[in-house]
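*Asks:* Under our numbering, the first residue of the sequence shown is numbered 10, with each subsequent residue one higher. Idealized CB from N, CA, C, for every residue including glycine. Just so we're clear, the structure is a prediction, and the values are computed from it rather than from any experiment. Before anything else, here's the structure in question.
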Amino acid sequence: MKISKITKIIKDHNNREMLFHGSISFPIALYYDDIKKYDLEMIDYHWHNELEIVVMVEGEAEITVGSNSIILKVGEALLINSKVLHSMKSYNNTNAVFYTIVFHTDLLGGRDSAVFIKYLEPFINNKSLKSLPFDSKQDTQLFNFINQILHGFANSNELTITKLMFCLWECIYFKYNETHMIKNNEESKLDKRMKLLLNYVHENYPNKFSLEDLAKGAYMSVSECCKLFNSYIAMTPYQYLTYYRLNKAAEYLKSNNYSIGEITSLVGFSSNSYFSKKFKVQFGYTPMEVKKMKS
10 MKISKITKII KDHNNREMLF HGSISFPIAL YYDDIKKYDL EMIDYHWHNE
60 LEIVVMVEGE AEITVGSNSI ILKVGEALLI NSKVLHSMKS YNNTNAVFYT
110 IVFHTDLLGG RDSAVFIKYL EPFINNKSLK SLPFDSKQDT QLFNFINQIL
160 HGFANSNELT ITKLMFCLWE CIYFKYNETH MIKNNEESKL DKRMKLLLNY
210 VHENYPNKFS LEDLAKGAYM SVSECCKLFN SYIAMTPYQY LTYYRLNKAA
260 EYLKSNNYSI GEITSLVGFS SNSYFSKKFK VQFGYTPMEV KKMKS
């Protein structure tokens, strides 16, 4: 088994990551990544059915999970629950180097198994439980299993890795069972409504639309729409629209097939100068500077 690397998140219009992690018969993958290797030095919002454990190796990272921003440092790890929107970028001007263990629950038990029903299903179905932080100083046994997986993955067989994952999940489950598993799933409806809002933006970003159009497209009031954006990603709808347009512009710039004027129009801006100004604020470079770097 190999340790892989990723430099780009490929996702569909619903923000779901398209990459299959591991294989059908052994659904787990280990990645060793450097945030600077990603486009624009960030991992954009996405979600997947698998659970994910991020383990910091160097620097610091800011991980946004649902409506929470978490600063992760060396010696710390974060478990991200299934189907939860999340993003990542470096923090405090440091580079961020990290491992990620991405695994499907099928690795530990099929949906009809007692293990899944008793120890996995309550966890992944608890939509109020979006993430769990771990500290190597406090969670020593848990980190012991994480480190065995990280350092033994390349040279171990499937049986050994599965055994270690069972041990790791036992630590996670019993440590947090009483405080987290009993929470209800009220937030699941909010998750679905937030995804409707994001889908509307992603499908209509090249066009002009009002806040009323956005709210109507997701079957809610304007006030509900604004509250969800603020709660989940700490932005107004307009700020997120600008953020998404600029990210799409960066993708067009990377292809080097379009002029800056064409890109301005393609992503929904009406003014080249305003587009360039916003682009520099978000990325630290003007579109022309990026275009020159890519040529």
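Taking DSSP's pairing of strands, which residues face F143 in a bridge?
*Replies:* Here residue 143 refers to the residue found at position 134 of the sequence shown. DSSP output for F143 lists A86 as bridge partner(s).
*Asks:* Reducing DSSP to helix, strand and coil, say where E69 ends up.
*Replies:* In the sequence shown, the residue the question calls residue 69 occupies position 60. Of the three classes helix, strand and coil, the one that applies to E69 here is strand, per DSSP.
*Asks:* Candidates Y241, M229, L250: which alpha carbon is nearest K217's?
*Replies:* Along the sequence shown, read from residue 1 onward, the residue named residue 217 stands at position 208. Of the listed residues, the one whose Cα sits closest to K217 is L250.
*Asks:* Roughly how many whole angstroms lie between the Cα atoms of L151 and I181?
*Replies:* Translated into positions along the sequence shown, residue 151 becomes position 142. Translated into positions along the sequence shown, residue 181 becomes position 172. If I take the Cα positions, the gap works out to 7 Å.
*Asks:* Between which two residues does the alpha helix (DSSP H) carrying K217 extend?
*Replies:* Along the sequence shown, one-based indexing puts residue 217 at 208. First-last for K217: undefined, no H or E at that position.
*Asks:* For D43, which of helix, strand or coil comes out of DSSP?
*Replies:* Residue numbering aside, residue 43 sits at position 34 when the sequence shown is read from its first letter. Three-state result, D43: strand.
*Asks:* Run the proximity test for E59: is its beta-carbon closer than 7 Å to any non-hydrogen atom belonging to the ligand HEM?
*Replies:* Judged by which ligands are present, the structure shown has none, so any question about the ligand HEM falls away.
*Asks:* Would you be able to state if there are at least three C-beta pairs under 8 Å between the segment 38-58 and the segment 102-113?
*Replies:* Taking 8 Å as the limit for Cβ pairs, the verdict is that the segment 38-58 does touch the segment 102-113.
*Asks:* The alpha helix (DSSP H) that contains Y252, what's its start and end?
*Replies:* Looking up residue 252 in the sequence shown gives position 243. Y252 -> alpha helix (DSSP H) spans 246-264.
*Asks:* Across the segment 269-276 and the segment 54-65, are there enough close Cβ pairs to call them in contact, namely three or more that are closer than 8 Å?
*Replies:* The segment 269-276 vs the segment 54-65: no contact.
*Asks:* Closest to G31 by CA distance: which of R25, M10, I19 is it?
*Replies:* For the purposes of this step, residue 31 is taken as the residue at position 22 of the sequence shown. When only C-alpha atoms are compared, the closest one is M10.
*Asks:* So, with DSSP's three-state summary, where would you put D3?
*Replies:* Residue 3 lies beyond the range of the chain shown here (10 to 304); nothing can be said about it.
*Asks:* Going by DSSP, what residue range makes up the alpha helix (DSSP H) through K321?
*Replies:* Residue 321 lies beyond the range of the chain shown here (10 to 304); nothing can be said about it.
*Asks:* Out of L205, F132, L168, which one is the CA nearest neighbour of N23?
*Replies:* Position 14 of the sequence shown holds residue 23. Nearest C-alpha to N23: L205.
*Asks:* Short check: CB of E26 to CB of I19, under 8 Å?
*Replies:* Reading the sequence shown from its first residue, position 17 is the one you call residue 26. Reading the sequence shown from its first residue, position 10 is the one you call residue 19. Contact flag set, yes.
*Asks:* Check N101 in the structure and name its three-state DSSP category.
*Replies:* Taking the first residue of the sequence shown as 1, we reach residue 101 at position 92. Residue state, collapsed to three classes: coil.
*Asks:* Tell me which residues share the same chain as V290 and place their Cβ nearer than 8 Å to its Cβ, disregarding the 5 neighbours each side in the sequence.
*Replies:* As a first step, residue 290 is located in the sequence shown; it is residue number 281 there, counting from the start. Excluding sequence neighbours, V290 sits near nothing in its chain.
*Asks:* In this structure, how does DSSP classify A224 when only helix, strand and coil are distinguished?
*Replies:* As a position in the sequence shown, residue 224 is number 215, starting the count at 1. In the structure shown, A224 sits in a helix (DSSP, three-state: H, G or I).
*Asks:* Out of curiosity, what's the CA-to-CA distance linking K287 and L255?
*Replies:* To locate residue 287, count along the sequence shown from 1; it is residue 278. To locate residue 255, count along the sequence shown from 1; it is residue 246. Cα to Cα, the separation comes out at about 8 Å.
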